[in-house]
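When we follow the numbering used here, the leftmost residue of the sequence shown carries the number 85, and every step to the right adds one. All remarks here apply to the structure that follows.
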Amino acid sequence: MSLPLFPSGSDPGPSFVELLRRTRNAGAQVPAGGLADIVSTAGPPGGLATTSLPGVAHGTTIVALRYDNGVVVAGDRRATEGNMIAHRSIEKVFPADRYSAVAISGAAGAAVEMVRLFQTQLEHYEKVEGTTLSLEGKANQLGQMVGANLQMAMQGLVVIPLFAGYDLRLQKGRIFTYDVTGGRFEETDFHATGSGGRDAKNTVKLSFRERLGRDEAVDLAVTALYEAADEDTATGGPDPLRGIYPVVATVDAEGYRRLEDPEVAEHFRHILQRRSERDEGGASS
Numbered sequence: 085m086s087l088p089l090f091p092s093g094s095d096p097g098p099s100f101v102e103l104l105r106r107t108r109n110a111g112a113q114v115p116a117g118g119l120a121d122i123v124s125t126a127g128p129p130g131g132l133a134t135t136s137l138p139g140v141a142h143g144t145t146i147v148a149l150r151y152d153n154g155v156v157v158a159g160d161r162r163a164t165e166g167n168m169i170a171h172r173s174i175e176k177v178f179p180a181d182r183y184s185a186v187a188i189s190g191a192a193g194a195a196v197e198m199v200r201l202f203q204t205q206l207e208h209y210e211k212v213e214g215t216t217l218s219l220e221g222k223a224n225q226l227g228q229m230v231g232a233n234l235q236m237a238m239q240g241l242v243v244i245p246l247f248a249g250y251d252l253r254l255q256k257g258r259i260f261t262y263d264v265t266g267g268r269f270e271e272t273d274f275h276a277t278g279s280g281g282r283d284a285k286n287t288v289k290l291s292f293r294e295r296l297g298r299d300e301a302v303d304l305a306v307t308a309l310y311e312a313a314d315e316d317t318a319t320g321g322p323d324p325l326r327g328i329y330p331v332v333a334t335v336d337a338e339g340y341r342r343l344e345d346p347e348v349a350e351h352f353r354h355i356l357q358r359r360s361e362r363d364e365g366g367a368s369s
């Protein structure tokens with residue numbers, strides 16, 4: 085299929101969403117309501133958000149923190165429906181492009197479609213403009229998509245992402261958070277959200293320091309998820325029997341990299357060993 089041509093003055097530019105709206109092809113149509121209609125018709129609402137809608141699974145914890153050369157982004161794998169586990173191995177951390185990552189909390193159908201559209205938007209912009217967006221530009225694009233979902237959020241299908249990446253210009257990792265209206269806020273060092281977000285954030289806050297090494301940051305992110313799972317029933321901890329571990333990714337000057345499960349499992353083994361030694365030391369005293 086050939087690309088559509090637009091008369092002078094009506095070119096949609098590098099916006100993929102606007103391109104879809106203009107062309108309205110059968111296989112890639114944006115309804116008149118814009119992105120809110122995309123995410124509302126993305127499929128059955130299985131998900132991760134805390135919502136009172138019946139049949140919508142929810143429960144997620146995602147965390148991001150800076151280290152000396154980049155950022156770590158991590159998310160647990162559990163989704164729940166009320167007091168039931170709806171899914172044990174859902175994915176909540178994705179590459180946005182080579183130098184950024186997005187983690188999702190919210191109604192999963194809407195959240196995953198938003199991530200896919202965001203990935204396509206960044207790729208489309210690069211092809212049209214011949215250059216990549218700045219990290220702040222990417223964060224702004226995601227904020228617009230979150231804001232476009234406000235109508236569905238008011239009905240309970242909330243999507244709140246966590247965006248992090250490596251800023252090639254400033255040569256450091258940066259973290260951005262959002263509110264339900266699409267408001268974008270930059271976090272200095274770390275952030276966590278979701279049903280276990282408070283416990284995860286408190287864990288990071290107690291141990292975070294400047295110039296953390298990569299392995300130290302990964303260990304802290306994994307510890308935060310472990311402590312959140314210990315307090316929050318909607319947050320899934322490690323499941324060695326099924327081989328299910330949180331998704332952990334790093335983004336630095338070398339780009340996005342997802343850690344393999346054996347490496348994540350090794351970090352959890354160290355956590356359990358430290359906790360066991362601490363408990364034994366307390367019992368002996």
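Heads up, the beta-carbon is just placed ideally off N, CA and C, and yes, glycines get one too.
**Request:** Look at Ser189 and Gly257 and say whether their C-beta atoms are less than 8 angstroms apart.
**Result:** no
**Prompt:** If you follow the beta strand (DSSP E) that Met236 is part of, which residue opens it and which one closes it?
**Reply:** Here Met236 belongs to no beta strand (DSSP E); instead the alpha helix (DSSP H) covers 234 to 237.
**Request:** Pick helix, strand or coil for Ala187, following the three-state DSSP scheme.
**Result:** strand
**Message:** To the nearest angstrom, how far is the alpha carbon of Gln255 from that of Gln203?
**Reply:** 22 angstroms
**Item:** Tyr310, DSSP secondary structure in three states
**Value:** helix
**Prompt:** What are the boundary residues of the alpha helix (DSSP H) that Ala192 is part of?
**Reply:** 192 to 213
**Item:** Cα-Cα separation between Ala276 and Gly339, rounded to whole angstroms
**Value:** 22 angstroms
**Item:** According to DSSP, residues forming a beta bridge with Val348
**Value:** Its beta-bridge partners do not exist; DSSP assigns none.
**Asked** Gln357: buried (16+ other C-beta within 10 angstroms of its C-beta) or exposed?
**Response** exposed
**Collapsed DSSP secondary structure at Thr287 in the structure displayed** = helix
**Message:** So for Ile174, helix, strand or coil by DSSP?
**Reply:** coil
**Request:** Quick one: grab the DSSP three-state call for Arg359.
**Result:** helix
**Asked** For Glu300, which residues from the same chain have a beta carbon less than 8 angstroms from its beta carbon, with the 5 sequence-adjacent residues on both sides left out?
**Response** Tyr151
**Prompt:** Are there 16 or more other CB atoms within 10 angstroms of the CB of Arg182, so buried, or fewer, so exposed?
**Reply:** exposed
**Asked** If we count the other Cβ atoms within 10 Å of its Cβ and call it buried at 16 or more, is Glu213 buried or exposed?
**Response** exposed
**Asked** Do Asp323 and Arg200 have their C-beta atoms within less than 8 angstroms of each other?
**Response** no
**Prompt:** Quick check: the stretch 207 to 224 against the stretch 236 to 246, are there 3 or more CB pairs under 8 angstroms?
**Reply:** no
**Request:** Measuring alpha carbon to alpha carbon, tell me which of Thr319, Gly327, Ala180 ends up nearest Gly249.
**Result:** Ala180
**Item:** Supposed close pair Ala185, Ala333 - CB separation, criterion 8 angstroms
**Value:** 5 angstroms
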